[in-house]
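Colleague: One structure follows; several queries about it will come next.
Residue numbers (my numbering): 9 to 361.
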């Protein structure tokens with residue numbers, strides 16, 4: 009990390025983080041100083057374009073730009089390392105102004121580019137098959153730091169991102185307020201105007217977060233990391249289940265569907281001889297019976313030091329066929345970025361020498 013970047017972060021630590029404000033919050037903030045609403049619209053628009061300094065906001069008076077510079081900071085980030093997979097997936101190790109590092113991933117699909125963003129530095133959830141849980145939780149990311157990942161990746165690759173998944177390091181609903189503000193900022197029509205349905209938020213099963221998210225009615229997609237069809241297995245691989253068991257979790261999913269009329273995506277990592285039997289598939293079908301849901305089967309990815317391994321392909325196929333037989337909408341996720349540790353469950357807060 010170069011000294012200029014570090015010094016800049018030190019000099020602005022007492023200023024307000026303007027990029028973490030929703031448009032409505034920005035309007036209220038400016039109202040305190042008797043600044044008209046159209047100025048908030050101009051500033052919000054500039055910020056959504058990724059400007060890094062107030063002096064770049066050409067349609068603002070110089071005196072106003074100088075005043076903003078003294079009161080507010082514009083959070084940015086830097087790419088520390090960039091890893092390219094043989095399949096074209098790109099993983100980024102990103103440095104934040106305080107020196108902490110996070111990982112984000114850019115993936116190419118037929119419909120365009122999708123980014124997988126982190127919401128925390130480290131993770132508290134302790135899922136046994138996930139590399140993120142092997143690192144110490146440091147802190148939540150601010151809305152501006154989540155946005156910074158999106159911006160720096162788009163700029164680095166010179167590509168417009170069409171889809172966002174909050175499925176990187178961290179549990180989004182453990183950082184609920186900041187994640188919701190991030191979504192509100194990026195879907196704002198006078199800002200980035202990314203369609204809400206192109207944003208997917210993944211949770212390991214924090215039911216109060218699911219219910220609050222349902223009440224928000226933002227239109228974003230909810231993905232629930234299920235990974236087991238009975239409490240005994242889920243308790244062993246996902247400690248969160250001891251607090252929010254499958255009955256409570258599925259009940260919160262029903263509430264979400266009732267409030268939003270939206271389908272839920274259930275993520276299910278297949279672990280060899282843990283949760284991948286034909287009986288597990290039958291239990292899963294029964295568990296989500298009556299829900300408008302899609303099951304996304306995920307072949308487990310290699311994680312250094314893990315005792316969990318990927319299910320054989322024939323067992324994955326049998327699992328999928330069993331779900332289909334019971335009327336479940338199912339797909340098997342294509343593995344991307346495995347050779348650079350960028351696949352599902354492989355992201356972590358890397359310690360850099």
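For glycine and all other residues, C-beta sits at the position ideal for the given N, C-alpha and C.
Predicted model only: the values in this text are computed from it and were never measured.
(1) Starting from residue 44 and walking both ways along the beta strand (DSSP E), at which residues does that stretch end?
(2) What did DSSP end up calling residue 259 once you bin it into helix, strand or coil?
(3) What does a CB cutoff of less than 8 Å around residue 16 pick up in its chain, not counting 5 residues either side in sequence?
(4) Fully enclosed by the stretch 55 to 95, which alpha helix (DSSP H) runs are 4 residues long or longer?
(5) Between 320, 316, 259 and 231, which lies nearest to residue 295 when the distance is taken from Cα to Cα?
(6) Taking the alpha-carbon positions, what's the residue 330 to residue 320 distance?
(7) Pick out the complete beta strand (DSSP E) segments inside the stretch 131 to 166, 3 residues or longer, and give them in chain order.
(8) Output the distance between the C-alpha atoms of residue 13 and residue 85, rounded to the nearest integer angstrom.
(9) Under the three-state reduction of DSSP, which class applies to residue 371: helix, strand or coil?
(10) Write down every uninterrupted run of the beta strand (DSSP E) in the stretch 194 to 240 whose length is 3 residues or greater and which is fully enclosed by it, in chain order.
(11) Looking only at DSSP bridge pairs, what is residue 102 linked to?
(12) Looking only at its own chain, which residues have a Cβ that is under 7 Å from the Cβ of residue 56, when we skip the five neighbours before and after it?
(13) Around the Cβ of residue 293, are there at least 16 other Cβ atoms within 10 angstroms (buried) or fewer (exposed)?
(14) By alpha-carbon positions, which one of 238, 230, 290 and 34 ends up nearest to residue 262?
(15) Roughly how many angstroms lie between the CA atoms of residue 273 and residue 44, to the nearest whole one?
(16) What whole-angstrom Cβ distance do residue 170 and residue 275 have, given they're in contact under 8 Å?
(17) Quick one: grab the DSSP three-state call for residue 22.
(18) Just the C-alpha distance for residue 89 and residue 128, rounded to the nearest angstrom, thanks.
(19) Specify, as a first and last residue, the run of the alpha helix (DSSP H) that residue 330 falls within.
(20) Leaving out five residues on either side along the sequence, give the residues of the same chain with a beta carbon under 7 Å from the beta carbon of residue 25.
(21) Count Cβ pairs between the stretch 246 to 253 and the stretch 278 to 286 that sit closer than 8 Å; are there 3 or more?
(22) If residue 34 and residue 48 are in contact, beta carbons under 8 Å, what's the gap, nearest whole angstrom?
(23) Please identify the residue among 173, 145 and 143 whose C-alpha is closest to the C-alpha of residue 115.
(24) Alpha carbon to alpha carbon, how far is residue 205 from residue 194?
Modeller: Taking the definition as stated:
(1) Counting along the chain, residue 44 falls outside any beta strand (DSSP E), and DSSP gives it neither H nor E.
(2) It is helical.
(3) At residue 16, the pLDDT of 43 sits below 50, so the modelled position is not reliable and the matter cannot be decided from this model.
(4) Taking 4 residues as the shortest admissible run, the stretch 55 to 95 contains the following complete alpha helix (DSSP H) segments, listed from N- to C-terminal end: 70 to 79.
(5) Taking only the C-alpha atoms, the option nearest residue 295 is 259.
(6) Distance from the CA of residue 330 to the CA of residue 320, rounded to the nearest whole angstrom, comes to 16 Å.
(7) Listed in chain order, nothing qualifies, since the stretch 131 to 166 has no complete beta strand (DSSP E) run of 3 or more residues.
(8) Residue placement at residue 13 cannot be trusted, given a pLDDT of 38 that sits under 50; the coordinates are not used to answer.
(9) Shown here, the chain extends from 9 to 361; a query on residue 371 therefore has no answer.
(10) Listed in chain order, they are 207 to 211 and 229 to 233.
(11) 87 and 110.
(12) A distance below 7 Å between beta-carbons, with the five flanking residues on each side excluded, links residue 56 to the following residues of its chain, in chain order: 199 and 200.
(13) A buried status is given to residue 293, since no fewer than 16 other beta-carbon atoms sit within 10 Å of its beta-carbon.
(14) It is 230.
(15) For residue 273 and residue 44, the gap between their C-alpha atoms comes out near 43 Å.
(16) Wrong, their Cβ atoms sit about 21 Å apart, outside the cutoff.
(17) Shown here, residue 22 sits in coil according to DSSP, grouped into three states, outside any helix or strand.
(18) In a straight line, the C-alpha of residue 89 is about 19 Å away from that of residue 128.
(19) In the DSSP annotation of this structure, the continuous segment of the alpha helix (DSSP H) that includes residue 330 starts and ends at 321 to 333.
(20) Correct list, in chain order: 81, 83, 150 and 152.
(21) Short answer: they don't touch.
(22) A Cβ-Cβ separation of about 5 Å places residue 34 in contact with residue 48 under the 8 Å criterion.
(23) Checking every option, the nearest Cα to that of residue 115 belongs to 173.
(24) A direct Cα-Cα distance of roughly 12 Å separates residue 205 from residue 194.
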